[in-house]
Amino acid sequence: MNTLTDAGSRTTRVTSQSDVMRRNANAYASVGGAHAERAGAGAGVPTLLCASGRGGSGTSLVAALIAVAAAGDGRRVLLVDGDDLVGPHSMLLGVKPWAGWQDLRGGRVQIRDVATPISSSLTLVAGGAPRRAADDANSTPNPTERRACMRRVSTLGEGHDLVVVDCGSRLETLLASVAPQMHERVVAVLSGRDPIALAATFALCKAINHRYSELNIDVVVNRHDTEEARLCFEHVENGARQFLPNCPISFGGAVPLDSTLDAVLRGGMPFLDAAAGSPAAHAAHEFALRALTAMPSSRPGL
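Listed below in structure tokens is the structure:
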């Protein structure tokens, strides 16, 4: 796996990949999804489950940045929006999916119908309310339905180099997305050193460790520089050492506050363009490289 050695080369590479990704979107649409229904399709695909202990931590943005960064390197990435209410990723990426994962309930669509190509290397499974109207269109999926949908979505991972699932701040979404046969890591997004954020992140780690004791957890601190982020992580790590001695928790890095990125997104700039050259995108790219190095690959040579 090749890494980028300097900030200048990273900026150039992300920018050029952004252009390439858009130009090749139609090419992927013509061939994507051909093997999506094959039994056991998603087994063994490196998967990052992005979650937070409380809302407002920036989990969706971190998940999108990781997915776009990995796709910008030419890796085939599946981004899954686990939200069942708003579904922020379709809005963030500027697409109108024909169907989302909730439309799998009741068998109203096929699994290939929920895969929306964003580019030649990035595919979105949209969240939000069902798009194909039905009697249960306004009902919230129960835990059994949610898990069944996510199991079907996981089969779309075949042929991808990375799956990124945005689980948001709801524990039931995270638990429904865990597939023990996959190569998974949890990305716990921490928003700062305030007591509520620290307590919420520790509670998330505790809940994960209670259910899946061997599931690795990378704490990524959002909107902070690396020095401050390490201090935030140390608070969580100290609690884990005392009360969760066997919890496999590690420092995933920092995603710095990027006011320019926020401003251009609010101004309507497409996300792929806005992320190009962004310090936040660079940080997400570096994390993606480290995470992929730490997880076995389902494809030779990666």
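Letter by letter, the sequence shown follows residues 13 to 314 of the numbering used here. Don't be surprised by glycine CBs; every beta carbon is placed ideally from N, CA and C. Keep in mind that this is a model prediction, so the values were computed, not measured.
query                                                                                                                                                                     : result
Inspect the beta-carbon positions of HIS172 and LEU90 and report whether they are closer than 8 Å.                                                                        : yes
Ignoring anything shorter than 3 residues, give me the beta strand (DSSP E) runs that lie fully in the region 102-178, in order along the chain.                          : 127-129 and 134-137
Excluding the five sequence neighbours on either side, which residues of its own chain have a C-beta within less than 6 Å of the C-beta of PRO257, listed in chain order? : none
Extract the residue ranges of the beta strand (DSSP E) inside the region 197-281, only unbroken runs of 3 or more that lie entirely within it.                            : 228-234 and 261-267
Does the distance from the C-beta atom of GLN114 to that of PRO142 stay below 8 Å?                                                                                        : yes
Would the region 205-215 and the region 72-84 be scored as touching if the rule is three or more Cβ pairs under 8 Å?                                                      : no
Going straight from the alpha carbon of VAL57 to that of LEU174, what length do you get?                                                                                  : 6 Å
Give me the Cβ distance between LEU104 and ALA127, rounded to the nearest whole Å; I'm assuming they're in contact under 8 Å.                                             : The pair is not a contact, with the Cβ atoms about 17 Å apart (cut-off 8 Å).
From THR59 to ALA293, what does the alpha carbon distance come to, in whole angstroms?                                                                                    : 19 Å
Using the Cα positions of PHE245 and VAL92, report the straight-line distance between them to the nearest angstrom.                                                       : 26 Å
Just grab the DSSP bridge partners of ALA63 for me.                                                                                                                       : GLY180 and ALA200
If you count every other CB in all the chains shown that lies within 10 Å of the CB of GLY68, and 16 or more means buried, which is it?                                   : exposed
Measure the alpha-carbon distance for SER271 versus LEU73 and round it to whole angstroms.                                                                                : 13 Å
Going by C-alpha distance, which of HIS247, VAL199, ARG144 and HIS101 is nearest ARG117?                                                                                  : ARG144
Give a yes or no on whether the C-beta atoms belonging to GLY140 and GLY112 are separated by under 8 Å.                                                                   : yes
Considering Cα atoms alone, identify which of ALA286, PRO268 and ARG197 is closest to VAL276.                                                                             : ALA286
Cβ atoms of VAL267 and VAL232: under 8 Å apart, would you say?                                                                                                            : yes
Going by the CB atoms, is the gap between ALA303 and ASP206 shorter than 8 Å?                                                                                             : no
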